[in-house]
Amino acid sequence: MADVSRRSWLASVAMGIGLALSYGTLAVQGVLFLLPERLKPRTRKLFTGNADQYEVGSVRSFYDLEGNLILVSRTSDGFQAFSSTCPHLGCRVHWEADKRQFFCPCHNGVFDVNGAPVSGPPADGGQHLYPVSVEVDASGAVFMEVKDVKRRRT
Ligand code: FES
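Listed below in structure tokens is the structure:
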């Protein structure tokens, strides 16, 4: 009889914890739904030149608002941008124009023009370069969309 009551008590506790987690998750999702603009990460578009300033196959470098180097490339398919931070262990990747590849000198990681891993540890781990959103407007101006920095109140 004592086992049955202990078992039912444990079942009640487990059910209570499950309900609390479920309702907690529901409450968080409700808040996120009601306040999406305040909680959404802010981004900012940074001008990275005009499309005619990029030759097909060229890569230009820009810093985002947090000081990270971004690599903007033009291919025959259009524009792409990637973080220069290697997805393996965070070293800085650079463009090798003669080989038409991105290269990470720390462990000889190689990425193709689309940021896909070709060889080295990133290829072993299936790690692509981190993409950065880029767009070209009707006038041919190229923008990369980066995370905005928090504004300090003065
Ligand atoms: S940090 Fe880039 S290949 Fe290891």
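Oh and the sequence shown: position 49 is 48 in numbering that gives the first Met the number 0, straight run, nothing missing. Beta carbons are placed, not taken as given, at the ideal position from N, Cα and C, and that holds for glycine. Just so it is clear, the structure is predicted and the values come from calculations on it, not from any experiment.
Query - Contact shell at 7 Å, judged by CB to any heavy atom of ligand 1, ordered along the chain - result: Counting only heavy atoms of ligand 1, the residues whose C-beta sits closer than 7 Å to one of them are, along the chain, 85, 87, 88, 89, 90, 92, 103, 105, 106, 107, 108, 119, 120, 121.
**Report entry** Beta-carbon spacing of residue 64, residue 146 below 8 Å
**Finding:** Along the sequence shown, read from residue 1 onward, the residue named residue 64 stands at position 65. Along the sequence shown, read from residue 1 onward, the residue named residue 146 stands at position 147. Their beta carbons are under 8 Å apart, which means residue 64 touches residue 146 by this criterion.
Query raised in the report: Can you tell me whether residue 143 is buried or exposed, with buried defined as 16 or more other CB within 10 angstroms of its CB?
Result: Position 144 of the sequence shown holds residue 143. With 16 or more other Cβ atoms within 10 Å, it is buried.
Query raised in the report: Quick one: any contact between the segment 41–58 and the segment 10–25, if contact means 3 or more CB pairs under 8 Å?
Result: Not touching, per the Cβ criterion.
Query raised in the report: Of all the options 13, 66, 70, 46, which has the alpha carbon lying nearest to the alpha carbon of residue 56?
Result: Walking along the sequence shown from the start, residue 56 turns up at place 57. The candidate whose alpha carbon is nearest that of residue 56 is 70.
**Report entry** residue 114 beta carbon less than 8 Å from that of residue 81
**Finding:** Your numbering for residue 81 matches position 82 in the sequence shown. Your numbering for residue 114 matches position 115 in the sequence shown. Between residue 81 and residue 114, the C-beta spacing is below 8 Å.
**Report entry** Range of the contiguous alpha helix (DSSP H) that encloses residue 120
**Finding:** Counting from 1 along the sequence shown, the entry for residue 120 is found at position 121. Annotation: the continuous alpha helix (DSSP H) that includes residue 120 extends over 120–124.
**Report entry** Spatially closest choice to residue 134 from 14, 119, 73, 67, by CA coordinates
**Finding:** Mapped onto the sequence shown, residue 134 falls at position 135. Nearest in C-alpha terms to residue 134, of all of 14, 119, 73, 67, is 73.
Query raised in the report: Rounded to whole angstroms, how far is the Cβ of residue 86 from the Cβ of residue 53, which I believe are closer than 8 Å?
Result: For this step, residue 86 is matched to residue 87 along the sequence shown. For this step, residue 53 is matched to residue 54 along the sequence shown. Not a contact, Cβ separation roughly 24 Å.
Report task. Name the one or two DSSP bridge partners that residue 84 has. Result -> By one-based count along the sequence shown, residue 84 stands at place 85. Its beta-bridge partners are 91.
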